[in-house]
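Just so you know, the protein sequences line up as chains A and B, in that order. Going by numbering that gives the first Met the number 0, 76 is the number at position 77 of the first sequence; the sequence numbering is gapless. Going by numbering that gives the first Met the number 0, 190 is the number at position 191 of the second sequence; the sequence numbering is gapless. Quick reminder that beta carbons are idealized off the backbone N, C-alpha and C, glycines included. Only one structure is covered here, and it is reproduced in the block below.
Number of protein chains: 2
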Amino acid sequence: MSFPALLAADAALIQTRLNAAFAALPDLPVSHAMAYATVGGKRLRGFLVLESARMLGVAPTTSISAAAAVEALHAYSLVHDDLPAMDDDALRRGQPTVHLKWDEATAILAGDALQTLAFELLTDPALGTPESRLKLVAGLAKASGAEGMVLGQALDIAAESAASPLTLDQITALQAGKTGALIRFAAESGAILAEQNPRPLRAYATALGLAFQIADDILDVTGDATKAGKRLQKDAAAGKATFVSLLGLDAARARAKSLIEEACDHLAPYGPAAQNLIDCARFTIARES
Amino acid sequence: MSFPALLAADAALIQTRLNAAFAALPDLPVSHAMAYATVGGKRLRGFLVLESARMLGVAPTTSISAAAAVEALHAYSLVHDDLPAMDDDALRRGQPTVHLKWDEATAILAGDALQTLAFELLTDPALGTPESRLKLVAGLAKASGAEGMVLGQALDIAAESAASPLTLDQITALQAGKTGALIRFAAESGAILAEQNPRPLRAYATALGLAFQIADDILDVTGDATKAGKRLQKDAAAGKATFVSLLGLDAARARAKSLIEEACDHLAPYGPAAQNLIDCARFTIARES
């Protein structure tokens, strides 16, 4: 199967699992908004769960609820980041953001309930032993909270009113929380499910997450808003420092490329079984959205 | 120890556990807002965790992280409910609400991170076996999400724009989610920690939660805003149906009283060990805030 076909197949599996969860919810706007917020997107984080698990011998039938949990958590973070009080965005994955499609109260609640759903999905007995599931809960909490994604978003907001633009070290720290933490957890969760040492996957995902963010900054400057499905050039408009503004376009591209090579090197111990994760890493910097 | 002294002692234990969690967070406004949002209040839900556990032989040294988790989750729900897009409240526990003390973005993020913290606290090994901790995670998720608190808040918002006021059955369903679900989980968690049948505690807490809400509606009409530490008479101002508007003040008081007796009856199997929970039930309808 080609990489795009595999990515699409995994995304379909994840959506099916999420839809099963949404089908159990009461027929209210907040439930529909939750489902809406998970539709579309590449499901790169869910892919990392499914494929890191598969590489270590754990089938998608076992790992699927963890992949769905990671995508539910990612969707919650997008819904809240798009709110008027945060990034105030109108378009996400090519569709109106939740607070415009419904209203702010529904968007806040839908995000809240998607976070809850993420943790609920990790209690699914199909995922394995109670020990493994608890490790997933602890790992997701670490990636999500005030030491992970919330930290990154808080630093991002603080940067907007800072006297001077962030330095490269500060941007790297910000992104390690805002996008890096969940990407790292997604890749690690395969090792947790397989009860194996997570270190190589963590190292892979740390490099991958940073390359992903540099590629996002490059797309923000060079990309096509229609393909991206969201507003672009917003960092430059806001006067925010990015990897591109700090390094320049060419050096940023070179840095992303070398990070991807580094990420792939960390997968050497797994041999040919790592091919899907290697393809994913290369896709990360080649993508147009 | 008198009931008020016990309630205060348990509240102090819970705050100490929460403060230990906050101390590990980065020195940012969002971390300070999280801590601020948990200060004050009666800690009734945390008390129910500690005292239902103690009744079944589980000491606070074991149950404390579950009590702190329930209070962190409750604090998150208050921060988000107070937002301008939701109930738009300026005062909570006698202090400015988080979005006024800081700003809306910080309030959204602090609430988000408090929800995450709640789940993280439930992974604390001190709470017992992985099985018990996973049951707590699953129970908190059920109480918190689109089948629990979020459902209740969504029904409450829908009621504001409904053509006719809610009926008694509808208000009861709304409150079973909005306040009942977490109170029920708090009391049940003692049984989960003690690995005992949760049914009597669940029945106790179901009656208690409804009585609590009726008492809140009575306080909203008859209470003193200074003692309550929040805006009162807001349901009447919003033209919302409440237990008082539907039943009248006297019948509402009688209903709350009979629910408390029912709640206490469910504790009969535990004998004198249930005294703290019985005192708590009686306090629920006698309180002034």
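- Between Ala58(B) and Arg16(B), the C-beta spacing is not below 8 Å.
- Contact annotation: the stretch 182-196 of chain A does not touch the stretch 245-261 of chain A, with fewer than three C-beta pairs closer than 8 Å.
- At the C-beta level, Leu200(B) and Leu173(B) stay beyond 8 Å of one another.
- DSSP places Pro197(B) in the coil class of the three-state scheme, outside both helix and strand.
- At a cut-off of 8 Å between beta-carbon atoms, Thr178(B) makes no contact with chain A.
- A distance of 8 Å or more separates the beta carbons of Ser163(B) and Lys226(B).
- Rounded to whole angstroms, the Cβ separation of Thr115(A) and Ala140(B) is 5 Å, and the two are in contact under 8 Å.
- Any Cβ of chain B closer than 8 Å to the Cβ of His79(A) would place that residue at the interface, and such an atom is present.
- Arg198(B) counts as exposed, since fewer than 16 other C-beta atoms from the protein chains shown sit within 10 angstroms of its C-beta.
- Distances from the CA of Ser143(B) to each of Ser160(A), Ser62(A), Lys177(A), Ala117(A) were compared; the closest alpha carbon is that of Ala117(A).
- Taking the Cα of Leu113(B) as reference, the smallest distance to any Cα among Ala214(B), His73(B), Arg132(B) is reached at His73(B).
- Not a single CB atom of chain B sits nearer than 8 Å to the CB of Leu126(A).
- Of all C-beta pairs linking the stretch 118-127 of chain A to the stretch 241-251 of chain A, fewer than three are shorter than 8 Å, placing the two stretches out of contact.
- The alpha-carbon separation between Gly40(A) and Arg92(A) amounts to approximately 6 Å.
- About 6 Å separates the Cβ atoms of Gly45(B) and Asp9(B), confirming a contact at the 8 Å cut-off.
- Excluding its 5 nearest sequence neighbours in each direction, Thr105(A) has C-beta neighbours in its own chain below 6 Å: Pro28, Val29, Ala32, listed in chain order.
- With respect to the C-alpha of Asp86(B), the residue from Ala158(B), Thr171(B), Leu6(B) having the closest C-alpha is Ala158(B).
- Beta-bridge pairing by DSSP links Arg91(A) to Gln94(A).
- According to the DSSP assignment, Tyr75(A) belongs to the alpha helix (DSSP H) that extends over 59-80.
- Listed along chain A, the residues sitting closer than 7 Å to Ser143(B) by beta-carbon distance are Thr115.
- In the DSSP assignment, Arg44(A) falls within the alpha helix (DSSP H) that extends over 43-54.
- Here the C-alpha atom of Pro124(B) lies approximately 16 Å from the C-alpha atom of Ala19(B).
- In this structure, the beta-carbon distance from Thr205(A) to Arg183(A) falls below 8 Å.
- Spatial neighbours of Ile277(A) in its own chain (CB-CB distance under 8 Å, excluding positions within 5 residues in sequence) are listed in chain order as Cys263, Leu266.
- Taking CB atoms only, Ala153(B) has a neighbour in chain A less than 8 Å away.
- Within the stretch 132-175 of chain B, complete alpha helix (DSSP H) segments of at least 4 residues are found at 148-159, 167-174, given in chain order.
- Val48(A) and Met148(B) have their alpha carbons spaced roughly 29 Å apart.
- The alpha-carbon separation between Leu43(B) and Ser76(A) amounts to approximately 30 Å.
- Along the stretch 53-78 of chain A, there is no position whose C-beta sits under 7 Å from a C-beta of chain B.
- In the three-state scheme derived from DSSP, where H, G and I count as helix and E and B as strand, Pro268(A) is classed as helix.
- A direct Cα-Cα distance of roughly 44 Å separates Lys100(A) from Leu12(B).
- The C-alpha of Leu108(A) lies about 21 Å from the C-alpha of Val136(A).
- Taking 8 Å as the threshold, the shortest C-beta distance from Thr122(A) to chain B falls below it.
- A Cβ of chain A is located within less than 8 Å of the beta carbon of Ile107(B).
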